[in-house]
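Asks: For reference, the structure I am asking about is given below.
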């Protein structure tokens, strides 16, 4: 049974040879550390800058499956230019063409999410400027140059194929910041709807092109990151009113064309939003972060055909093999309830020894019946 067959059968409640074997990826610094512990040098970003080739090699080396994505642009049609406006020994402050300013580590000096000191959108005029220049709906400007070749590859594939990434909150949050988008949800919901409707128009144009060109997806993919340690960053009622109907327009369209699986990535505590995502047409949820989400309770609270992906606490891999064993036993109890694809709940950090990651992989393979 190949990866595509296994995934489609498992996610439709049918018998498989083993549960799909997915994993989260790795911090670059983790891979760099591991080259001193036996990992081949050609698996690092420095040696293999092509992310798709590197992912294929890493998946082969560690013997896991992964979901491939269609590279149609669903955000900006081009990458904003940037300039360095300040720096010190370890970091640089960058101003981008869209008006944001952020601080990030220089290459080789650390790894973390950049810190924004200025977000690009503060007014409707900012939004309109960025929308018109960087986010036209024009589908031809969003297509990869090798689209015809990709279509031929997709027709002969045995791998899982995902839509381009979509979402309504996460991308806008990156443009406005948490504080400003929270104010907009509360005081200017019509503006929020205007922005979401533009994103919806892009997603529908992409979906219509994919279907018209005969590409058969296995799943659609969504990214939001709209929860923190205590719950969602907007109220469930706001989510219900502003987001669920827009999700449904996309998920219903794909479902009418045979794509009835939709996976969504949101960090944080997802307990309050999980049922609403399911209502919106989402039926796989990841990464079910162990630090904030009680996966056993989440499994008990949600329908079994909402498949939970992830849930294995990555922090335990740095605490030794006894901790790894205990975490996998905790995971087994969740799996016993059904509808779970277990894997680490985020990128593997650089405090994890390669030997212990390999130990985890061996134990997890047994857990899923591989």
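In the numbering used here, the protein residues as written are 63 to 432.
By construction, the Cβ of each residue, glycine as well, lies at the ideal position given by its N, Cα and C atoms.
Can you name the residues that DSSP bridges to residue 156?
Replies: For residue 156, which the question treats as bridged, DSSP gives the partners 146, 164.
Asks: Could you pull the start and end residues of the beta strand (DSSP E) that residue 180 belongs to?
Replies: That run of the beta strand (DSSP E) goes 177-180.
Asks: My assumption, with CB atoms under 8 Å, is that residue 97 sits in contact with residue 103. Please give the rounded CB distance.
Replies: Rounded, the Cβ-Cβ distance is 5 Å, consistent with contact.
Asks: Give me, in chain order, the residues of the same chain whose beta-carbon lies closer than 8 Å to that of residue 336; leave out the 5 immediate sequence neighbours on both sides.
Replies: Closer than 8 Å at the Cβ level, and outside the excluded window around residue 336, lie 347, 360, 363, 364, 368.
Asks: Ignore the nearest five residues each way along the sequence and tell me which others in residue 414's own chain have a CB closer than 7 Å to its CB.
Replies: Excluding residues within five positions, the ones whose Cβ falls inside 7 Å are 92, 379, 380.
Asks: Please check the pair residue 408 and residue 432, which I expect to be a contact at CB under 8 Å, by giving their CB distance rounded to whole angstroms.
Replies: Wrong, their Cβ atoms sit about 22 Å apart, outside the cutoff.
Asks: Keeping to the same chain, check which residues put their C-beta closer than 8 Å to that of residue 199; ignore five residues upstream and five downstream.
Replies: These residues qualify, in order along the chain: 260, 263, 264, 267.
Asks: If you follow the alpha helix (DSSP H) that residue 192 is part of, which residue opens it and which one closes it?
Replies: Residue 192 -> alpha helix (DSSP H) spans 186-196.
Asks: Kindly indicate which three-state DSSP category residue 358 falls into: helix, strand or coil?
Replies: Reduced to three states, the DSSP call for residue 358 is helix.
Asks: Kindly examine the ligand ZN and report whether one of its heavy atoms sits closer than 8 Å to the Cβ of residue 261.
Replies: No copy of the ligand ZN occurs in the structure displayed, which carries no ligand at all.
Asks: Look up residue 391 in the DSSP assignment and say whether it is helix, strand or coil.
Replies: Reduced to three states, the DSSP call for residue 391 is helix.
Asks: Taking only three categories from DSSP, how would you classify residue 75?
Replies: Looking at residue 75 - three-state DSSP - the assignment turns out to be coil, as it is neither helix nor strand.
Asks: Which residues bound the beta strand (DSSP E) around residue 413?
Replies: Here residue 413 belongs to no beta strand (DSSP E), and DSSP marks it neither H nor E.
Asks: Could you give the distance in angstroms between the alpha-carbon of residue 163 and the alpha-carbon of residue 392?
Replies: If you take the alpha carbons of residue 163 and residue 392, they lie about 42 Å apart.
Asks: State the DSSP-derived secondary structure class of residue 231, mapped to helix, strand or coil.
Replies: DSSP places residue 231 in coil when its eight states are reduced to three.
Asks: Thinking C-alpha only, which one of 322, 357, 312, 317 is nearest residue 334?
Replies: Out of 322, 357, 312, 317, 357 has the C-alpha closest to the C-alpha of residue 334.
Asks: Assuming contact is defined by CB atoms lying nearer than 9 Å, are residue 394 and residue 343 in contact in what I supplied?
Replies: Result no, Cβ atoms of residue 394 and residue 343 do not sit closer than 9 Å.
Asks: State the DSSP-derived secondary structure class of residue 222, mapped to helix, strand or coil.
Replies: Residue 222: strand per DSSP, three-state reduction.
Asks: Please say whether residue 144 and residue 159 have beta carbons closer to each other than 9 Å?
Replies: Yes; because the gap between Cβ atoms is below 9 Å, this pair is in contact.
Asks: What's the C-alpha gap between residue 427 and residue 399?
Replies: Spanning the two alpha carbons is a distance of roughly 19 Å.
Asks: Rounded to the nearest angstrom, how far is the Cβ of residue 222 from that of residue 283, given a contact under 8 Å?
Replies: Actually they are not in contact, since the Cβ atoms of residue 222 and residue 283 sit about 10 Å apart, beyond 8 Å.
Asks: Do you know how far the Cα of residue 197 is from the Cα of residue 157?
Replies: For residue 157 and residue 197, the distance between alpha carbons rounds to 19 Å.
Asks: Below 8 Å on the Cβ atoms is my contact criterion, and I expect residue 154 with residue 168 to pass it. Report the Cβ-Cβ distance as a whole number of Å.
Replies: Contact holds; Cβ gap of about 6 Å.
Asks: Please classify residue 272: does DSSP put it in a helix, a strand, or coil?
Replies: If DSSP states are grouped into helix, strand and coil, residue 272 belongs with the helices.
Asks: Out of curiosity, what's the CA-to-CA distance linking residue 332 and residue 233?
Replies: Each residue's alpha carbon lies about 18 Å from the other.
Asks: Our contact map puts residue 82 next to residue 127 with C-beta atoms below 8 Å; I'd like the distance itself, whole angstroms only.
Replies: Right, the Cβ-Cβ distance comes to about 6 Å (below 8 Å), so this counts as a contact.
Asks: In the DSSP output, what is residue 84 paired with across the bridge?
Replies: Answer is 127, bridged to residue 84.
Asks: With DSSP collapsed to three states, give me the class of residue 136.
Replies: If DSSP states are grouped into helix, strand and coil, residue 136 belongs with coil.
Asks: Which same chain residues end up closer than 6 Å to residue 220 when comparing Cβ atoms and leaving out the 5 residues on each side of it in sequence?
Replies: For residue 220, where only same-chain residues beyond five positions count, the Cβ hits under 6 Å are 64, 66.
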